[in-house]
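A.B. asks:
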Amino acid sequence: SQQGEEDPQALSIQEGENATMNCSYKTSINNLQWYRQNSGRGLVHLILIRSNEREKHSGRLRVTLDTSKKSSSLLITASRAADTASYFCATDDAGNMLTFGGGTRLMVKP
Amino acid sequence: GAVVSQHPSWVICKSGTSVKIECRSLDFQATTMFWYRQFPKQSLMLMATSNEGSKATYEQGVEKDKFLINHASLTLSTLTVTSAHPEDSSFYICSARRGAQETQYFGPGTRLLVL
Chain A
132 SQQGEEDPQA LSIQEGENAT MNCSYKTSIN NLQWYRQNSG RGLVHLILIR
182 SNEREKHSGR LRVTLDTSKK SSSLLITASR AADTASYFCA TDDAGNMLTF
232 GGGTRLMVKP
Chain B
2 GAVVSQHPSW VICKSGTSVK IECRSLDFQA TTMFWYRQFP KQSLMLMATS
52 NEGSKATYEQ GVEKDKFLIN HASLTLSTLT VTSAHPEDSS FYICSARRGA
102 QETQYFGPGT RLLVL
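Quick note, the sequences are listed as chains A and B, same order.
In this text, residue positions in the first sequence follow our numbering: the first is 132, and each later residue adds one.
In this text, residue positions in the second sequence follow our numbering: the first is 2, and each later residue adds one.
1. Determine the extent of the beta strand (DSSP E) in which His176(A) is found, giving its start and end residues.
2. In the DSSP assignment, the beta strand (DSSP E) including Gln39(B) goes from what residue to what residue?
3. My output table needs one value for Ala89(B): the three-state DSSP class, helix, strand or coil.
4. Going by DSSP, what residue range makes up the beta strand (DSSP E) through Thr215(A)?
5. Could you name the residues of chain A that Pro109(B) contacts, counting a contact when the two beta carbons are closer than 8 Å?
6. Nearest-angstrom Cα distance between Glu23(B) and Ile207(A)?
7. Asn227(A) CB to nearest chain B CB: under 8 Å?
8. So, at 6 Å on beta carbons, what are the nonlocal neighbours of Tyr59(B) in its own chain, with the 5 sequence-adjacent residues on each side left out?
9. Return the CA-CA distance between Gly100(B) and His86(B), expressed in angstroms with no decimal places.
10. Would you give the residue range spanned by the beta strand (DSSP E) that Ala101(B) belongs to?
11. Where does Gln61(B) sit, in a helix, a strand or coil, going by DSSP?
12. By a C-beta neighbour count over all protein chains shown, 10 Å radius and 16 as the cutoff for buried, is Lys141(A) buried or exposed?
13. On the DSSP bridge assignment, give the partners of Ser53(B) in chain order.
14. Would you call the stretch 14-28 of chain B and the stretch 68-81 of chain B touching, i.e. three or more CB-CB distances under 8 Å?
15. Buried or exposed for Gln61(B), please, with buried defined as at least 16 other CB atoms from any protein chain shown within 10 angstroms of its CB.
16. I want to verify the contact list: residues of chain B whose CB lies under 7 Å from the CB of Gly234(A), in sequence order.
17. Cβ closer than 7 Å: which chain B residues qualify as neighbours of His188(A)?
18. Can you pull the chain B neighbours of Tyr179(A), defined as C-beta to C-beta under 9 Å?
19. In whole angstroms, what separates the C-alpha of Ser143(A) from that of Arg167(A)?
20. On a CA-only basis, which of Leu113(B), Trp11(B), Tyr106(B) and Leu116(B) is nearest Thr33(B)? Give me that one, please.
21. CB Thr111(B) to CB Pro9(B), shorter than 8 Å?
22. Would Ala101(B) count as contacting chain A if we go by Cβ distances under 8 Å?
23. Leaving out five residues before and five after Ala216(A) in sequence, what residues of the same chain have Cβ atoms less than 7 Å from its Cβ?
24. Of all the CB atoms in chain A, is at least one closer than 8 Å to the CB of Leu75(B)?
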């Protein structure tokens, strides 16, 4: 079963705007990871944030983690049309198993 | 890098036939490989975990006799969908990792359509 929910399920923005996606989970985690999936393709690993970290940056990506609220957010700044994809969070428990959220479908309009 | 390939990328078969999907780690040895299934507009659901040289561990609700998994080497795992039915039509994705606490690297997926 899925670990948690992603919010929103779908997001449509204009190029240049920022996109924020949220992920909530239910159990204790070792780390939380964000992935991107283009339509009908495999997953691309974006960023991993460990349970003892609160924020992490990678290029235009900013991830936060609040373990007290069991939630994480992914911010994509200055979005581009090429960012159009589905974004999934996945939690890694101590057993190194990944459990995926429902995903957010992002559309960036040029 | 860490590249994982899958073959075939898509397959169409008749109901009742068996289909084999291969997952290969191209530039690293994978002690563990994972098989996921993804229905349209849904998330990935873990089907099973396979460790090289041992039997796969299946998630609840996944029939081990229907989805045969073999992880015979450190670079290859296969998933065989036996006696496929239209409801087995889905996107099957594998992932591989070098060892515990390591990142999972995902294959490009295999789209199965059972007529």
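Just so you know, even glycine gets a beta-carbon here, dropped at the ideal spot from N, CA and C.
Note that the coordinates shown come from a computational prediction; the quantities given were computed from them, not determined experimentally.
C.D. replies: To lay it out plainly:
1. In the first sequence, counting from the first residue as 1, residue 176(A) sits at position 45. First-last of the beta strand (DSSP E) with His176(A): Leu174 to Arg181.
2. As a working note, residue 39(B) is residue 38 in the second sequence. Taken as a continuous stretch (DSSP letters only), the beta strand (DSSP E) holding Gln39(B) covers Thr33 to Gln39.
3. Here residue 89(B) corresponds to residue number 88 of the second sequence, with the count starting at 1. It should be noted that the sequence gives Asp, not Ala, for residue 89(B). Helix, per DSSP.
4. Reading the first sequence from its first residue, position 84 is the one you call residue 215(A). Thr215(A) -> no beta strand (DSSP E), and no H or E assigned at all.
5. Walking along the second sequence from the start, residue 109(B) turns up at place 108. Residues of chain A passing the Cβ test: Arg172 and Gly173.
6. Here residue 23(B) is taken as the residue at index 22 of the second sequence, counted from 1. Here residue 207(A) is taken as the residue at index 76 of the first sequence, counted from 1. Rounded to the nearest angstrom, the two C-alpha atoms are 34 Å apart.
7. Translated into positions along the first sequence, residue 227(A) becomes position 96. Judged by the 8 Å Cβ criterion, Asn227(A) is in contact with chain B.
8. Position 58 of the second sequence, counted from the start, is the residue given in the question as residue 59(B). The answer, listed in chain order, is Ala49 and Lys65.
9. Numbered from 1 along the second sequence, position 99 holds the residue referred to as residue 100(B). Numbered from 1 along the second sequence, position 85 holds the residue referred to as residue 86(B). So the alpha carbons of these two residues sit roughly 34 Å apart.
10. Position 100 of the second sequence holds residue 101(B). First-last for Ala101(B): undefined, no H or E at that position.
11. For the purposes of this step, residue 61(B) is taken as residue 60 along the second sequence, with counting starting at 1. Three-state result, Gln61(B): coil.
12. The residue labelled residue 141(A) in the question sits at position 10 within the first sequence. Checking the sequence, you will find Ala at residue 141(A) rather than Lys. With fewer than 16 other Cβ atoms within 10 Å, it is exposed.
13. As a working mapping, residue 53(B) is identified with position 52 in the second sequence. Note on identity: in this sequence residue 53(B) is Glu, with Ser being the wrong assignment. Note: Glu53(B) sits in no beta bridge, so no partner.
14. yes
15. Here residue 61(B) corresponds to residue number 60 of the second sequence, with the count starting at 1. By the 10 Å Cβ count, Gln61(B) comes out exposed.
16. Walking along the first sequence from the start, residue 234(A) turns up at place 103. What Gly234(A) touches in chain B: Ser44.
17. The residue given as residue 188(A) occupies position 57 in the first sequence. By Cβ distance, chain B contributes nothing, its closest Cβ being about 18 Å from His188(A), past 7 Å.
18. Taking the first sequence and counting its residues from 1, one reaches residue 179(A) at position 48. It is worth fixing the name first, because residue 179(A) is Leu in this sequence and not Tyr. Thr104, listed in chain order.
19. What you label residue 143(A) is simply residue 12 of the first sequence in a count that begins at 1. What you label residue 167(A) is simply residue 36 of the first sequence in a count that begins at 1. Taking the straight line from one Cα to the other gives about 16 Å.
20. As a working note, residue 33(B) is residue 32 in the second sequence. It is Tyr106(B).
21. In the second sequence, counting from the first residue as 1, residue 111(B) sits at position 110. In the second sequence, counting from the first residue as 1, residue 9(B) sits at position 8. Taking 8 Å as the Cβ cut-off, Thr111(B) and Pro9(B) qualify as a contacting pair.
22. Translated into the one-based positions of the second sequence, residue 101(B) becomes position 100. Yes, its Cβ sits closer than 8 Å to a Cβ of chain A.
23. Mapped onto the first sequence, residue 216(A) falls at position 85. If we look at Ala216(A) and ignore the five residues flanking it on each side, its Cβ neighbours are Arg167, Gln168, Asn169 and Leu237.
24. For the purposes of this step, residue 75(B) is taken as the residue at position 74 of the second sequence. No - not a single Cβ of chain A is within 8 Å of the one on Leu75(B).
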